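The numbers in the sequence shown follow this note's numbering, run straight up by one, and end at 1395.
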Amino acid sequence: MNLIRRTTLRFQDGTSDKVYEVDIVEVSAGNELVNFRYGRSGKPLTEGSKTATPVDSAKAKKVADSLLVSKMNKGYQVLMGYDPVTGATIGASAAAQPEAAPRKGKKAQSRDQQILERLRKFAADDTITIDSYSLSRSVWKAGELRIPELVPALQALLANLPAKAKDDAMTYYSIAWAAGRSKDPAALPLLQQLQDKIPAHLYQFTSLHCGQAPENCLPEFDQTLDAVQAIEAIQAFDHYAAMSFNRLNKEDRAYIQHVLHWQGLTAAVEQALSQTVLADADQDFMQLRVNAASYATIQASKAAVPELEPAIMDVLRYHYNALLDKSRHTNAYNKRQQDVSAERLQQCYAILRSHDAYENIVNRIVPMLNVNHWFHGYQYAIAADIRSKYDAALTYHVRRLFQDRFADLRAEALQPKEQLLEHYSQHVVGLYALASIQPDKRALALTAIQHAPVNQSFTASFRKLYKMAEFLDDHAALAILNHRLETTPDEGRRQTWRDENPSFTKQSKQYLRRRTVRHLRNLGKFSPNDYLQLAREILVLADDASPIAQRTPKKQLIYFPALAGMNFILHRHSHLYEESYKGEWVLHENRSSEANQPEAFATLWAYAGQDLLYILRHCKAAMVNDFALRRLQPQTAFLQEQTQATWLELVVRPYENTALLALEHLRNNLQQTKVVFALLNAQFAAIRHHGLANLTPKHFAEHPDLLLNLLLSPHDDVQLFAKNYVYAMPNNHTLLPLLLARPEPALQALGIALIGKLSDAEKREYRVLLFNALTDENAELRRGARLAVLSVNDAEFQKDIFAHILPVLFKAEPVDGYSDDMLALVQAVAPIHAEIDQNLLWRLLTAKSKLAERAGALILPAHSASVFSIKQLAMLTKIPTLQVRAWAMAALQADPARVAEQFAEAVRILDNRWDDTRAQAIQLFSQFDADFWTSERVVAICDQVYHDVQQFGRELVLRGFQHGEGETYLLQLSQHPANNVQLFVSNFLQEYASGKPATILQLQGYFNTVLSQVNRGRLVKDRVIAFLFTESGKDEQVARMVASLFTEQSLSRVIADKARYIKTLFELQNRYGIQQTPVRVIAPAVRAF
């Protein structure tokens, strides 16, 4: 279907405001329908059709004209489109936006006359209300509607102002506002009369727009002021102004000085306070400014005279108890009092006298005691100089001094705030006023408005800008200011209804949001063109990426609850969106049906092609883009009139539906160079495909930079196309200087790939470049260089490659995948592995760098095991890399004779944290003959720390034990800390240590270790205790050693052990007279009966 013609009629009379639209729509060639829509302005329209079936073109025009004439006879006027009476078309086309607002109709003229007549009545009658219309609101409405010939009425009104209005500031404000809106130079005398009765900024703006020269109405202000720096400075003031700093009175300050004096901190704290600046309030200022020793004293919170407070309280408690004892009915109280002895009382008196507190406490406080008063309350009556001696709250007192210092610093720092704030306000408001008459300052003023804060100290200047933007009908500035207030958090609710310095309270924010919506509604009713201008500016500021954008929980739909203006424009009649009682808009994602035209004043958008196009070009929200596209698509005549530049701009937009619309209008010119370039920059592959399909060698020949731009494209499909094109080019090596000179890694990688296609001799010419690319952090560059260098079949060249990458093998991995690329290079130069120096290989294998270790593992198989000593092979079995451990173990297993010969070094294999390697080592040693295992070698096995190795050692002992080796095993294995080895050693005690005092004395460390174990080793502990109990009776030296051991262990909590220790000590004391034991024999007392 294609829209052939549309005419919009409008009827206004009293409160009635209706719209009627008539469309001629082509269904097929020669077949057309006549459709109509009607309803209240700004409301969803009811649709119908005058032709049940398609008719020919002549019949359709006749039916449409007849319908239009019938409605015009009822008072409707042509708002836009074809006028059947005059035959003219209002507007550039059936879908184009009018250049200017339509002339006022009879209803509007009648309304203007009524308002003027009402103003005349206000001037004639001494009243401020006529027909329920107040004076100030009537004047405001007159200015809002820009009623012609308004200034004489305002002059007459001001000359005969009703008595009740003479003290009303709003009346004077409204008169000045309306006079300024008239832009009539005749209003200047009137404004001069009101200059002292209205705000200065209102007088400045109104006078400027009535023809007054800027130098006569604008104050001098610093146009060079850096607004951003001023904002930052004022915000810093606000930050410190919001802090709570408690001031000190004279008594508190004197008391704190006493506390610091007794603590010896006066000088340190005073020095810290003198160095303090206001910025310290945001930090740990005490630790920052107080020296370390004094800070430690403060944090310790100890009293200067800690014994004084208990002494004072005991004295007061003693005398208080004495009073209680004398009182009647105090028995219950007496039981709760603490007795203070006479000795303690005298001691307390002495303490009081030594610290000059006796007079104050005994002679002044004690006589004040009364049993009917709270006892602990008397401590606050003690003199401050005495209390300060036992006050330990140092942190609290010093913090109070800092708080008081910060209060002084803040008062000093805030002195220039008001002056700076006034300069900022004059600057931003004056600059905006100048910009309203000097277009060259427009951009600077908008920048200042975009950065203008809303809250704290800036609220007053913000409200001035907001109201003046509304006064000027400056839709771009008003939209920015509205967006700023809607996206700035408020400062809570107002505590008092009238504040001298208004702040950005919750009420203020809600009021301004409602004011924006009311302004939109009034513009829609009385000034449709202005409504469209403001609406489009508000819509383009919504951004899907902003923090205020929210998503629904199920469908993840993006919506903007806080943007009241945007939601009113788009969802005024929506079934899916609804405004809550809090003023936020809610999206009901479970609802499926939406209104046909949910936006406010839907009929105004039917011919707002330019505004809708502006929205499509600048919007940042998908919701806004979809709205503009939906309302623009039916306006086919307007779309056909757009230039190619418009579609080239839209085809690269980030919204696929808009880009596809642009593609349809560019389809007939896809071969043009600028069209191809635009398509290649599109955000969607389906559109870029058309650009790639229409690229020809001619394009590359005419535009030398085209290939580079395609290679640098952010889109993978475009990059791939460009790379394939480069690879397919004849003589593509001519691009090498150009590609390699570029700083972009992607282009350098392509150049490296082209080098890879050169001959080996030619590649050597790029040796330095290739080698540097091998170790570059860019993965694509490394891969390309690796392919290029490895294609050169030359051992010397491979040695150079390894020498170049060697330093990076010992460094940490800079980016993911880097190590794998380096290892791939090491693996690729396998033919030279055997020629790598053994010392270098050892450095690689034992380096702390995991990359170097893995590189060594790749090189190791090319070397013979014979070049490594048994010690080195044993060390290699401990390397984390499995490949190295397996190689080393295989080398040891292949040469058992060498292992046996150098057993002292080979035994290191068993001290290994890798289970698989230990198992292989045990298997290797298990193959040795029994004659090989001397006691020293078996002990070396048993002396390891791993359980499986110790088990292997014990098996060797049991398997090849010789009677004469028992004492050797006993003495050497007794030093092992493992429980199982200690238990194994206990098997040798009776056989090889019994009756041998020298051997027993050597085992003292073993005995002490066993007996000191807690909650473990019960069997070995019982064996040792029994053995020592027996042997202690055979030799005095052994007995003394046992006495020393048992004395240390006699504190054991194990009752059975403790009894045995005491029994042994008792017997040793009786037998050998050993007195250095805790056992004392107490003779029974002799009693006479």
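Each residue gets a CB set at the ideal place from its N, CA and C atoms; glycine is no exception. Everything numeric in this text was worked out from a predicted model, so none of it was measured.
Check	Outcome
Rounded to a whole number of angstroms, what is the C-alpha to C-alpha distance between Glu332 and Thr979?	35 Å
Exposed or buried, Tyr1409, counting other C-beta atoms within 10 Å across all chains shown (16 or more means buried)?	Coverage of the chain is limited to positions 307 through 1395, which leaves residue 1409 absent and any answer about it impossible.
Could you tell me the alpha carbon to alpha carbon distance between Gln593 and Ser660, rounded to whole angstroms?	35 Å
Starting from the Cα of Ala1059, find the closest Cα among Leu1087, Lys1177, Val611 and give me that residue.	Leu1087
Roughly how many angstroms lie between the CA atoms of His1009 and Thr949, to the nearest whole one?	24 Å
When the Cα atoms are used, what is the spatial distance from Pro1202 to Leu1230?	8 Å
On the three-pair Cβ rule with 8 Å, is the region 773-790 touching the region 504-515?	yes
By the three-class DSSP mapping on this structure, what secondary structure does Asp932 have?	helix
How far does the beta strand (DSSP E) with Gln383 in it reach, from first residue to last?	383-388
To the nearest whole angstrom, what separates the beta carbons of Arg923 and Leu956, a pair I think is in contact under 8 Å?	7 Å
Can you check the region 908-973 for any alpha helix (DSSP H) of at least 4 residues that lies completely inside it and give the ranges in chain order?	915-924, 928-938, 942-946, 950-956, 962-972
Check whether the Cβ atoms of Val328 and Phe317 lie closer than 7 Å to each other.	no
Using only alpha-carbon positions, find the residue among Glu1119, Lys470, Asn896 that is nearest to Pro859.	Asn896
Work out the CA separation of Tyr478 and Thr794 for me, nearest whole Å.	32 Å
Looking at the unbroken beta strand (DSSP E) that takes in Leu309, where does it start and where does it end?	308-319
Take the Cβ of Leu1017 as the centre, count every other Cβ of all protein chains shown within 10 Å, and call the residue buried at 16 or more, exposed below.	buried
Bridge partners for Phe342 per DSSP, in chain order?	Val328, Gly354
Pull up the distance between the alpha-carbon of Tyr326 and that of Thr942, whole angstroms please.	20 Å
Can you give me the start and stop residues for the beta strand (DSSP E) that Glu885 sits inside?	883-885
Name, in chain order, the residues that DSSP records as bridge partners for Arg1329.	Arg1329 is not bridged to any residue.
For the beta strand (DSSP E) containing Val892, name the first residue and the last one.	891-893
Does Leu1325 pass the burial test, meaning 16 or more other C-beta atoms within 10 Å, or should it be called exposed?	exposed
Answer with buried or exposed for Thr435, where buried requires no fewer than 16 other C-beta atoms within 10 angstroms of its C-beta.	exposed
Using a Cβ-Cβ cut-off of 7 Å (strictly less than) and excluding sequence neighbours within five positions of Ile921, which residues of its own chain qualify?	Arg842, Leu845, Val846, Val930, Ala934
Measure the alpha-carbon distance for Leu1115 versus Ala1161 and round it to whole angstroms.	8 Å
Could you compute how far the alpha carbon of Arg827 sits from the alpha carbon of Ala868?	18 Å
Could you pull out every unbroken alpha helix (DSSP H) segment of at least 4 residues lying fully inside the region 1196-1276, listed in chain order?	1202-1207, 1209-1212, 1221-1232, 1241-1248, 1253-1266
Less than 7 Å between the C-beta atoms of Arg1214 and Ala1180, yes or no?	yes
For Arg769, report the span of its alpha helix (DSSP H) as first-last.	765-778
Taking 7 Å as the cut-off, decide whether the C-beta atoms of Phe866 and Ala906 are in contact.	no
Since Val375 and Val391 are thought to touch, with beta carbons under 8 Å apart, how far apart are those beta carbons, to the nearest angstrom?	7 Å
How should Gln403 be labelled, buried or exposed, when 16 other C-beta atoms within 10 angstroms of its C-beta is the threshold for buried?	Summary for Gln403: the model assigns pLDDT 37, below 50, so the residue's position carries little reliability; its value from the coordinates is reported in the next sentence. Flag for Gln403 reads buried.
Would you tell me roughly how many angstroms separate the C-alpha atoms of Gly830 and Gln856, rounded to the nearest one?	28 Å
Would you check if the distance between the CB atom of Val892 and the CB atom of Phe810 is smaller than 7 Å?	no
Taking the straight line between their C-alpha atoms, what separation do you get for Leu945 and Ile854?	34 Å
Taking the alpha carbon of Glu649 as the reference point, which residue from Ile688, Val621, His1005 has its own alpha carbon closest?	Val621
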